[in-house]
Every structure is written in C-alpha cells, then in structure tokens.
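Heads up: the structure comes next, in structure tokens.
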Amino acid sequence: MEVDGLCEGVRAALTAAQRLYDVEDWDGAERILRRAAAREDPVPWQVNVLLGNVLAKQKRHDEAIAYLRRATEQDPSHEMVSLVLFHALFDAGRVAEALGGGHRFLASAGDRGFAEYREVVQAVADHVEEAS
1 MEVDGLCEGV RAALTAAQRL YDVEDWDGAE RILRRAAARE DPVPWQVNVL LGNVLAKQKR
61 HDEAIAYLRR ATEQDPSHEM VSLVLFHALF DAGRVAEALG GGHRFLASAG DRGFAEYREV
121 VQAVADHVEE AS
C-alpha cells in the first residue's frame with residue numbers, strides 16, 4: 001500500500017494493521033486503524049481502504065462500504081481502491097451497484113490499463129446476464 005507523504009504515526013499504524021490483516025486478526029487490525037483514524041483529519045485514504053477491507057472480512061458490509069466510499073472520494077482515480085469497493089458491494093449482494101460503479105470507473109479511466117479490473121467487471125456482468 002502506498003504510504004509516501006503520510007506522517008510516521010500513520011505509516012506505523014498501517015504497517016502494524018497490515019501485518020494483523022495478513023494473519024487474519026481482524027479485531028486487532030480494526031483497533032489500530034480506528035485509533036489512527038481518530039488522530040487524523042482528514043483520515044488518509046489508505047486508512048479508510050484498509051479499515052474497509054477489515055470490516056468486509058468480518059461481513060460488516062455497510063460499515064465497510066462507507067469507509068471504502070470515503071477512500072474512493074479521496075482518490076477517485078485509484079484502481080485498487082475502486083476495485084476493493086466493487087468487491088465489497090458484490091459481497092454485500094449489491095451487484096447492480098457494484099457493476100454501475102465499476103463501469104463508471106472504467107469509463108472515466110479511458111484508455112489507461114486496468115486490465116484486471118476490466119476482467120472482473122466483465123466476468124460479473126456476464127454472470128448476471130447468464131443468470132437473467
């Protein structure tokens with residue numbers, strides 16, 4: 001995760017939270033990220049996206065989506081942030097919303113790469129069409 005330009009405390013919190021995330025200690029990662037978020041105004045997008053991921057892993061979809069939306073508002077052109085929101089919406093059963101956001105992101109991206117993102121959105125769209 002990109003950490004350039006962040007204060008040392010936020011970088012340390014993100015590193016510690018990522019380590020806990022990697023070993024599936026969702027509660028520990030959430031505690032660290034919530035403390036980091038409480039100290040920063042505005043909360044860096046990196047904190048919002050990792051906290052959204054942690055909450056999504058706990059099936060706390062509405063909370064996860066709220067944090068991920070904040071992250072996409074902070075950095076609307078960031079592929080990873082948008083893709084994480086796409087997955088969270090999909091996992092929450094909000095497939096049409098996920099596809100709409102995915103298509104909007106890709107349309108705004110123009111000719112830039114994003115091959116993996118395009119493949120995911122297309123696969124979900126194809127699946128939805130087949131199920132109809």
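Position one of the sequence shown corresponds to residue 1 (the working numbering), numbered consecutively onward.
Heads up, the beta-carbon is just placed ideally off N, CA and C, and yes, glycines get one too.
Quick one: Cα of residue i to Cα of residue j, how far?
{"i": "A64", "j": "Y21", "result": "15 Å"}
{"i": "E24", "j": "Q18", "result": "10 Å"}
{"i": "D75", "j": "V81", "result": "8 Å"}
{"i": "R112", "j": "E79", "result": "10 Å"}
{"i": "V49", "j": "E130", "result": "31 Å"}
{"i": "R11", "j": "R69", "result": "21 Å"}
{"i": "E30", "j": "Q58", "result": "10 Å"}
{"i": "A115", "j": "E97", "result": "20 Å"}
{"i": "R39", "j": "L99", "result": "34 Å"}
{"i": "G93", "j": "Y117", "result": "19 Å"}
{"i": "R60", "j": "W26", "result": "11 Å"}
{"i": "A107", "j": "E119", "result": "14 Å"}
{"i": "Y67", "j": "L83", "result": "14 Å"}
Helix, strand or coil for residue i, going by three-state DSSP, please let me know.
{"i": "V47", "result": "helix"}
{"i": "R112", "result": "coil"}
{"i": "E40", "result": "coil"}
Between which two residues does the alpha helix (DSSP H) harbouring residue i extend?
{"i": "S82", "result": "E79 to D91"}
{"i": "F105", "result": "V95 to A109"}
{"i": "V10", "result": "E8 to D22"}
{"i": "Q58", "result": "It is not in any alpha helix (DSSP H) - Q58 carries neither H nor E in the DSSP assignment."}
I want to see whether chain C comes within less than 8 Å of residue i, judged by CB atoms only; does it?
{"i": "E79", "result": "This model lacks chain C altogether; it includes just one protein chain."}
Only counting the same chain, and skipping five residues up and downstream in sequence, which positions put a Cβ closer than 6 Å to that of residue i?
{"i": "A13", "result": "I32 and A36"}
{"i": "A16", "result": "I32"}
For residue i, I'd like the list of residues in its chain whose CB is within less than 8 Å of its CB, leaving aside the five on either flank, ordered along the chain.
{"i": "V95", "result": "L89, V124 and V128"}
Kindly list the residues whose CB is nearer than 7 Å to the CB of residue i, restricted to its own chain and excluding five residues on each side of it in sequence; keep chain order.
{"i": "A71", "result": "W45, N48, V49, G52 and V81"}
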